[in-house]
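Engineer: Protein sequences, first through last, are from chains A and B.
Quick note, the first sequence lines up with residues 196 to 701 if you use the working numbering.
Quick note, the second sequence lines up with residues 175 to 491 if you use the working numbering.
Cβ atoms here follow ideal geometry from the backbone N, Cα and C, with glycine treated the same way.
All of these numbers come straight from a predicted model, not from anything done at the bench.
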Amino acid sequence: MADPVLAARGMTKLFGSNEVLRNIDFEVIAGRNIALCGENGAGKSTLIKLMTGIYTPSAGHVLLDGEPVIFAGPKEAIAAGIAVVHQEFSTISALTVAENVFLEKEPRDRLGLVDRRRLRRDCADLLQQLGIDLDPDTPLERLSVAEAQMVEIAKALRSRARVLILDEPTAVLSHREIDHLFRILRDLRNQGMGLVYVSHRLDEIFEVCTDICVLKDGDVTSAGPIEDYDHDRVVAAMVGRRLGELFPPKSGPATGAAPVLSLRDLKVEGSAASVDLDLRPGEIVGLSGLVGSGRTELALAIFGAARGAGTVALSGANYRKRTPGRSLAGGLAMLTEDRKANGLFPDASVAWNFAASTLGKGARALALSPRDEEERSRSVVERFSVVVDHVGQPISALSGGNQQKVLIGRLLENAPKILLLDEPTRGVDVATKAEIYRTLRRLARDGVAILVISSELIEVVGLCDRVHVMRDGAFVAELLGDAITEDGIMAVAAAATGGGMRPSHD
Amino acid sequence: MIAQLLGGKGTVRGRKTREILLLLGFLIVIWAVTTVLSPRFLSVKNITDILIQAAPLGFVVIGQMIVIVVRGLDLSVASIMATAAVLSIGVFDNTATAFVAALLLGALVGGVNGYLVSYRRVTPFLATLATMIVLQGIRFAYTKGAPSGSLPDAFRFLATGDIGGVPVVLIVLIGVGFVAHWMLERSVPGRQLLLYGDNPETAYMAGLPVKRIVISAYVISGVLAAIAGLFLVGYVGIVDNWTGQGYELDSIAAAVIGGASLRGGKGSVIGALLAALILVSLFNIVVILGLSIEFQMVVKGVLILLAATVYIRRTRE
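1) Which chain A residues sit within Cβ distance under 8 Å of B/L369?
2) Where are the beta strand (DSSP E) runs, 3 residues long or more, that stay fully inside the segment 553–624 of chain A, in chain order?
3) Which whole-angstrom value is the C-beta distance of A/R543 and A/S572, which I expect to be below 8 Å?
4) Exposed or buried, what is A/G693 when buried is set at 16 or more other beta-carbons lying within 10 Å of its beta-carbon?
5) Using only CA atoms, which one of A/L231, A/A592, A/P611, A/A254 lies nearest to A/T416?
6) Should A/Q588 be flagged as near chain B, meaning a C-beta pair shorter than 8 Å?
7) In three-state terms, what does DSSP make of B/P213?
8) Taking Cβ-Cβ distances shorter than 7 Å, what residues in chain B pair up with A/G555?
9) From what residue to what residue does the alpha helix (DSSP H) around A/N178 run?
10) Rounded to the nearest angstrom, how far is the Cβ of A/G477 from that of A/G211, given a contact under 8 Å?
11) Starting from the N-terminal side, write out each stretch of the beta strand (DSSP E) that is 3 residues or longer and does not extend beyond the segment 219–303 of chain A.
12) Are the CB atoms of B/V260 and B/P321 within a distance shorter than 8 Å?
13) So, under 8 Å CB-CB, B/I204 and B/S455 are touching, yes? Tell me the CB distance rounded to an integer number of Å.
14) Can you give me the start and stop residues for the alpha helix (DSSP H) that B/H355 sits inside?
15) Taking C-alpha atoms, which residue in A/L361, A/L216, A/D310 lies nearest to A/F284?
16) Check the Cβ-Cβ distances between A/T531 and every residue of chain B, and say whether any is below 8 Å.
17) Fully enclosed by the segment 352–406 of chain B, which alpha helix (DSSP H) runs are 4 residues long or longer?
18) Identify which residue in B/G364, B/G438, B/I431 has its Cα closest to the Cα of A/A560.
19) Assuming A/L638 contacts A/L658 under a Cβ cut-off of 8 Å, what Cβ separation, rounded to an integer in Å, is found between them?
20) Unbroken alpha helix (DSSP H) runs of length 4 or more, entirely within the segment 452–491 of chain B: which are they?
21) Answer yes or no: does any C-beta atom of chain B fall closer than 8 Å to that of A/I497?
22) May I ask you to list, following chain order, the residues of the segment 568–586 of chain A that have a beta carbon less than 7 Å from some beta carbon of chain B?
23) Check the C-beta distance from B/I462 over to B/R214 and give it rounded, since I have them as a contact under 8 Å.
24) Verify the CB distance criterion: does B/M239 have a CB-CB separation below 8 Å to chain A?
25) Considering A/C318, what are the terminal residues of the alpha helix (DSSP H) in which it resides?
26) Out of A/N213, A/N218, A/P199, A/D198, state which residue places its alpha-carbon closest to the alpha-carbon of A/G205.
27) Answer with buried or exposed for A/V275, where buried requires no fewer than 16 other C-beta atoms within 10 angstroms of its C-beta.
28) Would you report the Cα separation of A/V434 and A/H395, rounded to the nearest angstrom?
29) DSSP three-state call for A/P420: helix, strand or coil?
30) Do A/S483 and A/D473 have their C-beta atoms closer together than 8 Å?
31) On the premise that B/G403 lies in contact with B/G418, defined as a C-beta separation below 8 Å, what is that separation, rounded to the nearest angstrom?
32) Restricting to runs no shorter than 3 residues, where is the beta strand (DSSP E) found entirely within the segment 487–538 of chain A?
33) Figure out for me which residue from A/D677, A/M685, A/R666, A/R313 has the closest Cα to the Cα of A/E651.
34) Tell me, please, whether the CB atom of A/P619 is closer than 8 Å to any CB atom in chain B?
35) Below 7 Å on C-beta distance, what does A/P611 contact in chain B?
36) Assuming A/R475 and A/A452 make a contact with CB atoms under 8 Å, what is their CB distance in whole Å?
Okay, structure coming up:
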């Protein structure tokens with residue numbers, strides 16, 4: 196194998212007395228794409244920050260072309276040809292694509308003013324080189340999240356980079372957009388760039404990476420070429436146990452009981468197709484399909500947060516004039532996909548977030564009992580091992596995974612009979628995923644009917660008793676028992692792609 | 175011990191408590207400085223005067239703060255003050271009837287504001303600007319430009335009288351303040367207001383009655399403005415078409431100084447009342463120190479900037 200462009204040797208980092216990384220060796224090789232995996236808190240981001248001059252190592256050093264270097268700051272790392280695309284966007288929405296890509300590096304004319312013509316041309320060249328189809332003059336606010344991400348990558352690569360590090364780049368992208376991103380990454384790799392891909396989405400890692408390095412609690416637990424790995428081995432290295440153990444045993448689809456939720460000819464606004472579904476107590480039904488296939492819209496229409504034509508019945512009774520408030524009162528609860536947009540009360544405390552849907556459910560209808568709220572939320576904190584100092588802290592101080600746990604706690608507080616879960620484990624670490632899966636199965640055994648939407652096929656396969664595959668707003672297949680496999684779902688979901696497929700966020 | 179008093183570091187409640195202590199500290203400092211500069215300031219008489227002067231603003235700022243909590247703004251409060259006073263006193267001879275009529279008018283106008291903002295999705299600025307102007311027109315049409323001016327004695331008593339040495343207006347304000355404080359901090363509707371302001375989308379998805387929440391905020395603001403109008407005409411002694419002029423901006427300023435965030439979801443009754451007291455104290459100080467009255471505006475502006483920068487720094491921490 197070729198010599199590494201960038202490497203970490205014996206990298207150790209202490210925060211106070213807390214050892215976050217221990218004696219890590221890590222190599223980025225030209226023309227290869229290495230995945231850096233690990234649970235939240237495993238040390239992935241710390242390692243990236245050590246190699247790009249944001250942190251200084253407590254021991255060990257960084258090698259550039261085999262020579263030890265010390266980056267005094269991120270600017271020096273960039274100057275050495277190391278580009279990083281961070282999770283948070285650094286683009287400015289009021290500026291155009293070109294202005295963003297060349298921010299603070301705008302080509303100047305003799306008077307020192309920005310040379311707009313050259314700016315546009317340089318940007319167009321760069322975008323073409325990267326295979327990104329965007330107009331340099333478009334203001335960023337008119338772009339989709341995925342396109343903004345492309346701009347972010349172009350920005351990272353504006354000066355000749357030899358190493359590109361992407362920190363969870365696909366968190367906000369739809370499948371089709373991810374495909375596009377992967378095409379670009381493969382091109383860059385073929386041009387001889389060294390890539391680091393930080394993610395905990397295993398599907399993607401297997402699709403785009405050539406090597407893998409797994410961190411757990413600050414140690415490298417496993418590393419090597421991707422061909423030597425499968426899902427199970429990666430998860431085992433990440434959490435120290437096998438994937439199958441994450442999922443509790445299934446109970447099989449319910450058949451006897453009367454359905455608690457029935458959909459007849461339910462048509463989501465903007466969709467031509469309609470849907471029939473019966474959901475019975477005790478079963479977990481998966482809703483699979485590509486992003487944009489209408490899964491989220493369908494769930495919102497059932498819950499009453501989006502319009503839909505057709506019939507929804509709860510335990511046989513027709514449910515008209517649906518609103519979230521009425522749904523919750525009727526035992527139908529929903530976990531939304533986008534925590535930030537409509538899941539969190541960001542400035543409110545953990546306890547307040549937790550109690551938001553059950554205000555006044557106590558003995559006294561009008562008065563609140565802060566102590567009762569705190570006690571109840573503390574029990575959820577313990578049950579899901581939420582990392583928080585005090586339930587009075589604002590929820591925005593928590594990591595995404597911990598926020599998600601609190602929101603699931605809020606949902607269950609309503610004692611719902613029907614749960615609609617849109618990406619229930621997004622951003623959650625594997626150990627907590629297992630806890631969530633166990634909780635859902637226990638609820639199902641107690642007679643709750645659960646509908647799960649998930650982009651993680653492994654989750655759908657491992658968790659669901661029954662899976663409906665959606666495409667363009669319609670159910671195209673129902674899979675049962677052993678027929679529920681990743682390949683089986685993908686085969687149906689991706690067939691005839693392009694026939695009216697839309698990204699989810701327009 | 176002190177940490178306990180401050181409500182714990184890093185908690186939402188702790189931050190709120192510290193903001194209120196900060197305001198209280200600021201009030202004590204300006205009072206102390208003024209007392210040193212002019213011993214006339216710290217007399218029971220003068221402090222009572224300040225409190226009575228601040229009372230009408232106190233009613234208005236509580237309502238304004240609640241509207242700001244739900245990401246709104248109520249520009250119609252001053253117009254409600256004048257219109258409620260002019261119409262109710264003009265139409266009804268009986269004081270109690272006039273009082274109830276004024277409150278109903280405030281509630282009605284608040285309801286219209288809330289309806290426009292929640293159901294019609296008009297921006298709060300435009301909705302309340304429109305009602306402000308409409309009310310102004312109705313008022314002038316009714317009085318033909320010159321209100322009668324006379325005032326039943328009962329109103330004079332309410333605004334300037336006292337029960338056992340304590341001014342009636344302060345008793346009412348403290349009562350209203352207690353109820354509002356309890357409502358905001360310890361009741362379901364209050365929590366709903368705060369949560370809605372924090373994230374309206376989440377509030378909707380969490381099943382909160384979002385439209386009712388918004389409307390109730392404007393209704394509360396309208397009713398409190400009407401009460402303030404009655405006390406103010408009682409204090410001044412004449413019913414004037416321009417009663418309460420400037421209270422819309424003063425109340426917004428006081429709410430913000432008192433810790434309400436224009437981005438919503440944040441505000442406290444104690445903070446708002448302290449801020450109103452700070453504003454009126456500073457006006458009083460300008461007079462006591464013999465500075466020209468225009469200085470009041472300078473003081474107000476500087477205070478708003480000060481509050482804005484302090485709170486922004488605190489949020490960044």
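Structural biologist: Reading from the atomic positions:
1) F540, A543, W547, A551
2) 613–617
3) First, the amino acid is wrong: residue 543 of chain A is Ala here, not Arg. A/A543 to A/S572, Cβ: 12 Å. No contact.
4) Reliability of the predicted coordinates at A/G693 is poor, the pLDDT of 39 falling under 50, and the value obtained from them is presented with this limitation in mind. Exposed.
5) A/L231
6) yes
7) coil
8) V362
9) With chain A represented from 196 up to 701, any question about residue 178 of chain A goes unanswered, as that position is not in the structure.
10) At roughly 49 Å, the Cβ-Cβ gap does not stay under 8 Å, so A/G477 and A/G211 are not in contact.
11) 228–232, 254–259, 262–264, 277–280
12) yes
13) 6 Å
14) 342–360
15) A/L361
16) yes
17) 362–372, 374–379
18) B/G364
19) Not really, about 12 Å apart at Cβ, beyond 8 Å.
20) 469–490
21) no
22) D584, H585
23) 6 Å
24) no
25) 311–324
26) A/N218
27) The displayed chain sequence assigns Ala, not Val, to residue 275 of chain A. Burial call: buried.
28) 12 Å
29) strand
30) no
31) 6 Å
32) 503–509, 527–530
33) A/M685
34) no
35) Near A/P611 there are no residues of chain B at all, since even the closest Cβ is about 11 Å away, more than 7 Å.
36) 5 Å
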